[in-house]
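>
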Amino acid sequence: MSSLTTRSSRSRLASAYGWAVVGAALLLSSKAAAGPVELLDGVKIAPSDPNTLLLYYRYAGGGMFVSHDGGKSFAMLCNTAIDPSVTREASALVVRDDKSILAGVFDGLWRGDAEACGFVPDPAFTGQWVKGFAIDPHDPTRTYAITSAGGKLNGVFVNDGKSETWSKLGKLEDLLITTLHVVATSKTSLRIYETAVRGTYDVPTPDGGMPQQQPNYVIRFSDDLGKTWTEYAFGMTDATIGVLAVDPTDATHIVVGALRDEVLSDGTTAPDDLLYSTAAGKPGSFKTIGHVTALGGITFAPDGRLFYGDREQTTPALYAVAKLGAAAKKISSDYKVQCVSYDAQTDKLYACKDRLFGTADPATGAFSPLFDVTKEDKLVSCGAGSDISAVCEDQLLMGWCGITHYPTTPICEPYGVPGAMFGDAGVDAGAKPAADGG
Numbered sequence: 001m002s003s004l005t006t007r008s009s010r011s012r013l014a015s016a017y018g019w020a021v022v023g024a025a026l027l028l029s030s031k032a033a034a035g036p037v038e039l040l041d042g043v044k045i046a047p048s049d050p051n052t053l054l055l056y057y058r059y060a061g062g063g064m065f066v067s068h069d070g071g072k073s074f075a076m077l078c079n080t081a082i083d084p085s086v087t088r089e090a091s092a093l094v095v096r097d098d099k100s101i102l103a104g105v106f107d108g109l110w111r112g113d114a115e116a117c118g119f120v121p122d123p124a125f126t127g128q129w130v131k132g133f134a135i136d137p138h139d140p141t142r143t144y145a146i147t148s149a150g151g152k153l154n155g156v157f158v159n160d161g162k163s164e165t166w167s168k169l170g171k172l173e174d175l176l177i178t179t180l181h182v183v184a185t186s187k188t189s190l191r192i193y194e195t196a197v198r199g200t201y202d203v204p205t206p207d208g209g210m211p212q213q214q215p216n217y218v219i220r221f222s223d224d225l226g227k228t229w230t231e232y233a234f235g236m237t238d239a240t241i242g243v244l245a246v247d248p249t250d251a252t253h254i255v256v257g258a259l260r261d262e263v264l265s266d267g268t269t270a271p272d273d274l275l276y277s278t279a280a281g282k283p284g285s286f287k288t289i290g291h292v293t294a295l296g297g298i299t300f301a302p303d304g305r306l307f308y309g310d311r312e313q314t315t316p317a318l319y320a321v322a323k324l325g326a327a328a329k330k331i332s333s334d335y336k337v338q339c340v341s342y343d344a345q346t347d348k349l350y351a352c353k354d355r356l357f358g359t360a361d362p363a364t365g366a367f368s369p370l371f372d373v374t375k376e377d378k379l380v381s382c383g384a385g386s387d388i389s390a391v392c393e394d395q396l397l398m399g400w401c402g403i404t405h406y407p408t409t410p411i412c413e414p415y416g417v418p419g420a421m422f423g424d425a426g427v428d429a430g431a432k433p434a435a436d437g438g
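Sequence positions in the sequence shown follow the numbering used here and run 1 to 438.
(1) Considering only residues of the same chain and omitting the five flanking positions on each side of residue 146, which have a CB-CB separation below 6 Å?
(2) Leaving out five residues on either side along the sequence, give the residues of the same chain with a beta carbon under 7 Å from the beta carbon of residue 99.
(3) Whole angstroms is fine: what's the gap from residue 315's alpha carbon to residue 354's?
(4) Assign residue 40 to buried or exposed, taking buried as 16 or more other Cβ atoms, counted over all protein chains shown, within 10 Å of its Cβ.
(5) State the start and end residues of the unbroken alpha helix (DSSP H) segment that holds residue 394.
(6) Quick check on residue 37: does DSSP put it in helix, strand or coil?
(7) Helix, strand or coil for residue 133 per DSSP?
(8) Express the C-alpha separation of residue 388 and residue 382 in angstroms, rounding to a whole number.
(9) What does the Cβ neighbour count give for residue 122, buried or exposed, with the cut at 16 atoms within 10 Å?
(10) With distance defined between alpha-carbon atoms, name the residue in 54, 254, 152, 136 nearest to residue 125.
(11) Considering only their Cβ atoms, is the gap separating residue 76 from residue 376 smaller than 8 Å?
(12) Measuring straight from C-alpha to C-alpha, what distance separates residue 59 and residue 141?
(13) On the CB-based measure, 16 or more other CB atoms within 10 Å of its CB, does residue 136 come out buried or exposed?
(14) Using a threshold of 8 Å, state whether the C-beta atoms of residue 359 and residue 350 are closer than that.
(15) For the stretch 164-223, list the beta strand (DSSP E) runs that are entirely contained and at least 3 residues long, ordered along the chain.
(16) Which value, in whole angstroms, describes the spacing of the CA atoms of residue 173 and residue 167?
(17) In or out: residue 398 buried (at least 16 other Cβ within 10 Å) or exposed?
(18) Taking the alpha carbon of residue 117 as the reference point, which residue from 107, 97, 80 has its own alpha carbon closest?
(19) Alpha carbons only, please: which of 414, 231, 332, 247 is nearest the one belonging to residue 276?
(20) Output the residue ranges of the beta strand (DSSP E) runs that lie fully inside the stretch 298-322 and measure 3 residues or longer, sorted by chain position.
(21) With a Cβ-Cβ cutoff of 8 Å, do residue 159 and residue 143 count as a contact?
(22) Assuming residue 328 contacts residue 290 (C-beta within less than 8 Å), just tell me the rounded distance between them.
(23) Report the rounded CA-to-CA distance for residue 305 versus residue 348, giving the unit in angstroms.
(24) Is it a yes or a no for the stretch 368-375 touching the stretch 327-346, going by three-plus beta-carbon pairs under 8 Å?
(25) Can you tell me whether residue 412 is helix, strand or coil according to DSSP?
(26) Give a yes or no on whether the C-beta atoms belonging to residue 191 and residue 251 are separated by under 8 Å.
(27) To the nearest angstrom, report how far apart residue 253 and residue 391 are at their CA atoms.
(28) Assuming residue 200 and residue 213 form a contact by the criterion Cβ under 8 Å, report the distance between their Cβ atoms to the nearest whole angstrom.
(29) At the level of alpha carbons, what is the spacing between residue 138 and residue 183?
(30) On the DSSP bridge list, what partners appear for residue 374?
(31) Would the beta-carbon of residue 223 fall within 8 Å of that of residue 189?
(32) Name the DSSP bridge partner or partners of residue 54?
(33) Please identify the residue among 282, 356, 405, 400 whose C-alpha is closest to the C-alpha of residue 74.
(34) When DSSP labels each residue in this structure, what does residue 123 get in the three-state scheme?
(35) For residue 44, does the count of other Cβ atoms within 10 angstroms reach 16, so buried, or fall short, so exposed?
(36) Examine the ligand MG and report whether any of its heavy atoms sits within less than 7 Å of the Cβ of residue 83.
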């Protein structure tokens with residue numbers, strides 16, 4: 001799901017720095033949701049092993065929780081353990097068919113093994129913002145990636161799973177690619193969808209002054225692995241635009257989010273809109289699915305049912321749509337929905353509820369918890385010679401284990417908290433972290 005900035009800040013950035021920087025800024029910030037800050041932000045599932053789950057959070061430096069038993073237990077990994085030189089927020093994550101993990105960051109791509117250990121940078125993407133991934137629906141060993149680096153040419157790349165070599169699909173172009181979906185159109189054919197920012201357009205001001213610049217969002221698809229593209233301009237908008245999902249029953253049916261951060265005169269935040277097109281994003285084909293205060297995730301079931309959530313605490317909800325074109329139905333208003341993901345392998349609807357991860361009943365929305373992040377008691381175990389607890393110490397004390405966050409989490413006990421704030425006050429300097437995995 002794309003993140004966003006206010007309309008006014010987008011315009012100032014456009015005027016000052018040009019469209020490439022605007023596109024990057026659009027995707028780095030996010031609509032704030034009231035409540036605890038380390039909220040679960042999403043779940044990834046290994047394509048051929050539903051027992052391998054990856055939960056990720058994007059605050060306090062970011063990180064993930066990894067399970068190999070279907071969510072019965074998890075181990076934590078901080079982002080500092082992915083990139084040992086500095087904490088960089090992963091803008092994209094994927095679990096591959098061999099259970100290895102790819103993390104896309106602002107200046108590259110990091111590869112980790114099935115245990116979430118041994119992360120190394122991929123030299124093919126040095127200096128490139130790797131913004132998204134997709135798994136091939138026909139061959140789950142194939143992984144696709146997109147780049148979105150300002151001031152550089154960007155495109156789609158594919159890895160065949162036989163080596164760590166990536167191949168370019170089609171030509172690189174002067175645009176910022178912000179979303180990627182790879183879907184089946186037949187038993188052998190694929191369609192690749194992108195959302196991208198291609199320059200800016202001028203919006204006249206009411207007083208006749210200097211026009212405001214807005215990102216020019218385009219929706220693109222290719223049916224020949226990137227050799228040629230059909231491209232539609234979305235048109236004038238006050239929102240951040242992104243293709244969020246593609247109907248698994250019809251590859252021409254797409255769901256697009258119009259996401260906003262703008263604060264209205266009454267102090268509330270402008271709502272997010274969900275739209276759909278039955279013509280692959282062709283102008284004039286969009287209709288409204290519904291509105292939420294803050295979109296908390298969206299997913300299709302294999303039969304075309306659509307689920308999406310509202311993560312704002314004043315309007316919490318889980319919605320279901322029987323099929324695109326049918327009315328959205330609020331099936332629960334009992335909790336904020338931070339993420340939703342339907343796993344076709346197990347026929348489960350997963351959801352994130354603040355600090356909890358679990359399943360949601362597709363009919364009633366009833367939530368059944370599997371995991372509470374504040375009860376986490378172990379870091380990932382990377383074997384002899386690797387001390388993940390020491391690697392993560394500074395980041396955890398600055399964030400997760402700080403007094404304003406979750407200092408009573410068992411994972412924090414070896415660091416001498418509670419009492420720690422910003423990594424100093426109240427910390428027992430002599431405390432030794434427990435062994436990895438303990």
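Built from N, CA and C at the ideal position, the CB exists for glycine as well.
By the coordinates alone:
(1) 131, 132, 156, 177, 180
(2) 46, 49, 52, 114
(3) 14 Å
(4) buried
(5) 388-398
(6) Note that residue 37 scores a pLDDT of 47, beneath 50, so its modelled location is shaky; the value from the coordinates is reported in the next line. In this structure, residue 37 counts as coil in the three-state DSSP scheme.
(7) Residue state for residue 133 is assigned as strand, using DSSP reduced to three classes.
(8) 7 Å
(9) Looking at its Cβ environment, which holds 16 or more other Cβ atoms inside 10 Å, residue 122 is buried.
(10) 152
(11) yes
(12) Computed Cα separation, rounded: 31 Å.
(13) It is buried - the Cβ of residue 136 has at least 16 other Cβ atoms within 10 Å.
(14) Yes, the pair counts as a contact, with Cβ atoms nearer than the cut-off.
(15) 166-173, 176-184, 190-203, 212-222
(16) 15 Å
(17) buried
(18) 80
(19) 247
(20) 306-310, 317-321
(21) yes
(22) Contact between residue 328 and residue 290 holds: their C-beta atoms lie close to 4 Å from each other, under 8 Å.
(23) 13 Å
(24) no
(25) helix
(26) Taking 8 Å as the Cβ cut-off, residue 191 and residue 251 qualify as a contacting pair.
(27) Rounded to the nearest angstrom, the two C-alpha atoms are 45 Å apart.
(28) Rounded, the Cβ-Cβ distance is 4 Å, consistent with contact.
(29) 9 Å
(30) Residue 374 is not bridged to any residue.
(31) yes
(32) 44, 66
(33) 356
(34) Residue 123 falls in the helix class under three-state DSSP.
(35) buried
(36) Although the ligand MG was asked about, the structure shown includes no ligands whatsoever.
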